[in-house]
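Engineer: A single structure is presented below for examination.
Protein chains in written order, with this note's numbering: chain A, 1 to 745; chain B, 746 to 933.
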C-alpha cells in the first residue's frame, strides 16, 4: 500500500489517531504520502493536534480552522509555499491564485521540519529533481536512539551512553589505588572490630572483677583495654591518613581529567556556559566528591561492620534486651529517609545559588576596571549581596532542616537508652530477666554505638545523591563532545597554504545563517582582505578557518584537503591568528611571546619582538622581557598587548595567517607600528585580514566584500573602486569621516 | 516614508536609514493603526492642519523591544524592509482601536504561553520534563538547565525556556496554586 504514512514518511512524531484515520479516508488509492508533520498548534494559537501532509499530488492540512477541519489542494494549483516565522512559532502558508492561505501553525519545536517541508515543496514547485526531505538527519537536540532530548552542553544522551551509572563510574577511579584501598579497608575492618571490644571488656570488668575483687584480673583487663585503645588509635590514625591519601589522589585525577578535557572542548561549548559554572564544576564539585569517596569507600564499611557486629554481640548476650534496642530503628530509618528526600532538592538549590554567586565574582573581578569607570561598585556590591543572601537563605534552610533532624534522632536514641536502663535495671535488680549488671552496662555501651550506623546508613542515600549530583556535573565536562580530530585525522607536513571555500554556509543558531554559500579560492602566499559591516560574517570565516566551528554546509579545503579531515592540532600548528582582543597570560613577556613554541631560544623571542615592533617598549620596562604581566596583560596598553600577540604569532612561523581586526582599537601612531609589523609578518604567507579600518588592507592582493553572510564583491582595490559598489561606498564613507586615506597597492 | 517626515510624527526619517542615532519616539496622539490590505497593518497619521486631513497608510510590522519585561511598551514599528519607522513608547497612548490591533498583532506574533498550573515536574538525567496548563492549553516540554533556562525576574515573573527554544511565562509565581508553586520552587 502506497498510501500509508508509516513506511517512507519521515518519522517526525506520531500523527493523532483521529487524523491518521481521516487521512486514510481522504487519500486516493494510489496516492503516496511523502511528508507528514504533526503540528502542535492550531491556527488560533492554541496547543492542539494538527498536521501537514504532503503527498505526491496534494498538500493536505488538518486544522480546526479549516472547513470540516481539513484543507486539501492539488500541488499544481499552488503557486508558492512560505513560512511566516514569528517569535516562538511559525505559520506554514501556501499561495493560491495570488492569495496566501495559512495552513498550519507550530511552535519552535517543529520549526525545522516545517522549514524543510517548505524547502522541499519549493524545490518541487520549481521542478527540481532529486529533492530530499532531510529533517530526520537534522534533529540535533534529540537522541536518534531513544528520542530523549539531548543535554545542550554535552550533546550526549545520558540514557544511551552512560549505562554503568555515575557512582560505579566514580568508583572506577579507585582502581589505580587498589593497594591503598585494600590497606584502608583492612584498617577500617580492624577499627570496626576493635570498637566492639571495650564494652565487652567493661562487662567482664563489672561482672567478674568487681564481684570477685580479683586484682590480677583487674590488671589484665586494664592492660587489655589499654592495648585495645592503642590499637584503636593506631589503626584509626592510619585509616584516616589512607582515606585522605586515597580521596585526594582520586579527586586530583578527576580534576586533572576534567581540566584536560576542558582544553579540548569546542568553542561552542564555552559559548553556552558561564565561566563560573565551569569553574564550579572543576573546583567545588570535585571537592564534594572527595567527601563522598571517604564515606563510600570505607566509612560505610566501618558502619556496616559495626552494625552487624553489635547486633550479633547484643543478641548473643541478651536477645530480649537486643530486641528492645531495635525498637527505635524503623522510626530512625523512616525519619532519615524522609529527611534525605526533602533535603535533596534544597542541596540542588544551594548549589545553584553558590554557582550564581560565583558568577558575580568571576565577572566582577576581571571586570573591575569597567566597574570602577562606570562607578558600578555599589551595584556590584548589591548584586553580590543579593546572591549571597539567596545562598544564605538556602543554607539556613538546610540548617533548619538539620536542626530538626539531628535532635530528633538523638532524642530517639536517648529514648532507646531510657528503655534499656528502665527494663534492664528492673531485670538486674529483681534478677528476673537473666541479666547481669555487666551485661547491662555493656549493652548501654553498644547501644550508643548502634544507632550511629543506623542513622548513617539511612542517610547514606542523601550523601549518595549529593555525590551523584556533583559527579554528574563533573562528568558532564568529561563526557562533553570534544573537538573533532584531536587524536586522529590527517597530519599536515608541508603546507603550501592554498585555501578554498566550497559552498560554505554556517549558523550558530539553526535557521539564522551567518554565512551563506561562500565560494572563495585563496592562492598560496596571497593576502586576502575581508571587509563588511559588523555582523556580515567576517569573524565567522576566521573561526571556521581555525577550526573553532565547522561549516554547517559545504567545506573548506587546505591544499585540497578538507580541513574537517585534518588533525585539528596539526591544522592549528600551521595557522597563526592575531585577535582583535589579544589574550595574554599571567606570566612574563618572554613566556607570553614564546607561548606557541615553548622551546624557542631567547634570541628568537627578541627577534620576534623586533619584527612585531614590540622590542622597544619591552626594553623600557625595568624588568624587560622578565616583566610579569597581570591578568589578561593588564599593565600594557592595547597596542602593546597587540604587538606582543603579533610577536607570539611570529614565533609560531605558520604558513597561514589570520588577522582579525588587529588594529581596530589603537591610535594612528600605534596602528602604523602594528601595520609595519603585520607587513613583515605576512610576507610570503597566505593571509586573511579581517579589516574594519580599510587602511589595514594596504597589502591585500584581493579584497572580499561580505554583506549579510554573502560575498557581494571580490577583486583588487582598483577593480572594486571602479565597480563603485559596496566597497566603494565604504571607502567613501571612511574618507568622509576622515579616518583613513587608503592606499592599496 | 513621507509620513515620517510629516510634522505629525516625531522624527526626521533618519531612523529609516542604516544608522539609527536618533530616538524616534512616535507620538501616540498623532498616529493610529488600522488594517492595511487583508493581512497587514498600516500606520496612519491623524488629520491635522499641516497635512490637510490627508491620511497616509503604510504596511508595517511591530516588534517588542522588551518582549519579556515590557510586552506592551516600547513597540518598534518597522516598514516592509524591516527598517525602523519609530518607537511607540506606550501602546495605551494610541486610540483604543489601535491598541486592539496592536495587541492582536503582538499576541499572534509572540507565542509565549503563560503557565497557569504546573501538574508535574519529573527529572531524568538532570533534564526536567514539565507538564503544565497554559493560557494556550495544556502542554509538556523539557527544560535542559535550571541555571540557564529558568530566569526569575522582578515581581515573581519567571521565564522558562524549553529544549527547543520555546519560551513560557509565569506572570507571578507567587500566585500559582500551592502545589505548582512547590514544584516550581525546587527548580528556581
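Heads up, the beta-carbon is just placed ideally off N, CA and C, and yes, glycines get one too.
Nearest to residue 906 (chain B) by alpha carbon, out of B:899, B:888, B:921?
Structural biologist: The shortest C-alpha separation from residue 906 (chain B) is found at B:888.
Engineer: Cβ of residue 483 (chain A) within 9 Å of Cβ of residue 264 (chain A)?
Structural biologist: Yes, Cβ-Cβ distance for residue 483 (chain A) and residue 264 (chain A) is below 9 Å.
Engineer: Between which residues of its own chain and residue 835 (chain B) is the CB-CB distance below 6 Å, once the five residues before and five after are set aside?
Structural biologist: Cβ neighbours of residue 835 (chain B) beyond the five flanking positions: 818.
Engineer: State the beta-bridge partners of residue 253 (chain A) as determined by DSSP.
Structural biologist: Note: residue 253 (chain A) sits in no beta bridge, so no partner.
Engineer: Mind pulling the beta strand (DSSP E) runs of 3 or more residues that sit fully within the region 775-841 of chain B?
Structural biologist: For the region 775-841 of chain B, whole beta strand (DSSP E) runs of length 3 or above, ordered along the chain, are 776-781, 785-790, 804-809, 818-823, 829-835.
Engineer: Would the beta-carbon of residue 500 (chain A) fall within 9 Å of that of residue 522 (chain A)?
Structural biologist: Cβ distance < 9 Å, so residue 500 (chain A) and residue 522 (chain A) count as in contact.
Engineer: Using CA atoms only, rank isn't needed, just tell me which of A:560, A:564, A:529, A:393 is closest to residue 552 (chain A).
Structural biologist: Residue 552 (chain A) has its Cα closest to that of A:564, out of A:560, A:564, A:529, A:393.
Engineer: Taking all protein chains shown into account, decide if residue 116 (chain A) is buried (16 or more other Cβ within 10 angstroms of its Cβ) or exposed.
Structural biologist: Buried, by the Cβ-count rule.
Engineer: Less than 9 Å between the C-beta atoms of residue 779 (chain B) and residue 88 (chain A), yes or no?
Structural biologist: No. Outside cutoff.
Engineer: Going by C-alpha to C-alpha distance, which of A:226, A:225, A:290, A:259 sits closest to residue 242 (chain A)?
Structural biologist: The shortest C-alpha separation from residue 242 (chain A) is found at A:290.
Engineer: Ignore the nearest five residues each way along the sequence and tell me which others in residue 245 (chain A)'s own chain have a CB closer than 7 Å to its CB.
Structural biologist: For residue 245 (chain A), where only same-chain residues beyond five positions count, the Cβ hits under 7 Å are 180.
Engineer: Leaving out five residues before and five after residue 776 (chain B) in sequence, what residues of the same chain have Cβ atoms less than 7 Å from its Cβ?
Structural biologist: Answer for residue 776 (chain B): 754, 788, 789, 790, 791, 839, listed in chain order.
Engineer: Apply the 10 Å Cβ neighbour rule to residue 491 (chain A) and answer buried if 16 or more other Cβ atoms are within range, or exposed otherwise.
Structural biologist: Residue 491 (chain A) should be labelled exposed.
Engineer: With a cut-off of 9 Å, does the C-beta of residue 86 (chain A) fall near any C-beta of chain B?
Structural biologist: So, interface residue.
Engineer: Would you kindly check if the distance between the Cβ of residue 427 (chain A) and the Cβ of residue 444 (chain A) is under 9 Å?
Structural biologist: In this structure, residue 427 (chain A) does not lie closer than 9 Å to residue 444 (chain A) by Cβ.
Engineer: Could you give the C-beta distance for residue 679 (chain A) and residue 525 (chain A), rounded to a whole number, given that I count them as a contact under 8 Å?
Structural biologist: So it is not a contact: roughly 14 Å between Cβ atoms.
Engineer: Which class does residue 717 (chain A) belong to by DSSP, given the choice of helix, strand or coil?
Structural biologist: Correct three-state label for residue 717 (chain A): helix.
Engineer: For a test of the three-state rule: what should DSSP assign to residue 107 (chain A), helix, strand or coil?
Structural biologist: Residue 107 (chain A): strand per DSSP, three-state reduction.
Engineer: On the DSSP letters alone, give me the boundaries of the alpha helix (DSSP H) that residue 686 (chain A) sits inside.
Structural biologist: Here residue 686 (chain A) belongs to no alpha helix (DSSP H); instead the beta strand (DSSP E) covers 686-690.
Engineer: Examine chain B for any beta-carbon lying closer than 9 Å to the beta-carbon of residue 45 (chain A), and answer yes or no.
Structural biologist: Yes, because at least one Cβ of chain B sits closer than 9 Å to the Cβ of residue 45 (chain A).
Engineer: Anyone know if the C-beta pair for residue 651 (chain A) and residue 603 (chain A) falls short of 9 Å?
Structural biologist: No.
Engineer: Find the residues of chain D that neighbour residue 826 (chain B), judging by a C-beta separation of less than 8 Å, and give them in chain order.
Structural biologist: Here the protein chains are A and B, and chain D is not one of them.
Engineer: Would you mind sorting residue 896 (chain B) into buried or exposed? The rule is 16 or more other CB atoms within 10 Å of its CB.
Structural biologist: Result: exposed.
Engineer: Could you check the C-alpha separation between residue 118 (chain A) and residue 347 (chain A) for me, to the nearest Å?
Structural biologist: Distance between the alpha carbons of residue 118 (chain A) and residue 347 (chain A) is about 47 Å.
Engineer: Could you please tell me which residues of the region 868-887 of chain B, in chain order, have their CB closer than 7 Å to any CB of chain A?
Structural biologist: Here the close residues are 870, 871, 872, 881, 882, 883, 884, 887.
Engineer: Evaluate the contact criterion for the region 393-402 of chain A versus the region 366-383 of chain A: three or more CB pairs, one atom per stretch, below 8 Å.
Structural biologist: In short, these stretches do not touch, since the Cβ pair count stays below three.
Engineer: Is DSSP giving residue 764 (chain B) helix, strand or coil here?
Structural biologist: Caution applies to residue 764 (chain B), whose pLDDT of 40 falls short of 50 and renders its modelled position unreliable; the value that the coordinates give is listed next. Residue 764 (chain B): coil per DSSP, three-state reduction.
Engineer: In chain order, what are the residue ranges of uninterrupted alpha helix (DSSP H) at least 4 long that sit wholly in the region 396-453 of chain A?
Structural biologist: Correct list: empty.
Engineer: Let me know the secondary structure DSSP gives residue 264 (chain A) once reduced to three states.
Structural biologist: In this structure, residue 264 (chain A) counts as coil in the three-state DSSP scheme.
Engineer: Under the rule that 16 or more other beta-carbon atoms within 10 Å means buried, what is residue 438 (chain A), buried or exposed?
Structural biologist: Looking at its Cβ environment, which holds 16 or more other Cβ atoms inside 10 Å, residue 438 (chain A) is buried.
Engineer: At a Cβ threshold of 9 Å, is residue 891 (chain B) touching chain A?
Structural biologist: Closer than 9 Å: yes.
Engineer: Using the DSSP secondary-structure output, state which residues sit across from residue 36 (chain A) in a beta bridge.
Structural biologist: According to DSSP, which records beta bridges pairwise, residue 36 (chain A) is partnered with A:53.
Engineer: Taking only beta carbons into account, state which residues of the region 350-361 of chain A come closer than 8 Å to chain B, listed in chain order.
Structural biologist: So the close ones are 352, 355, 356.
Engineer: Closest Cβ-Cβ distance between residue 512 (chain A) and chain B: below 9 Å?
Structural biologist: By this cut-off, residue 512 (chain A) is not an interface position.
Engineer: Measuring only the C-alpha atoms, how far is residue 541 (chain A) from residue 19 (chain A)?
Structural biologist: Between residue 541 (chain A) and residue 19 (chain A), the C-alpha separation is close to 46 Å.
Engineer: Measure the beta-carbon distance from residue 61 (chain A) to residue 47 (chain A) and round it to whole angstroms, keeping in mind my assumption that it falls under 8 Å.
Structural biologist: At roughly 17 Å, the Cβ-Cβ gap does not stay under 8 Å, so residue 61 (chain A) and residue 47 (chain A) are not in contact.
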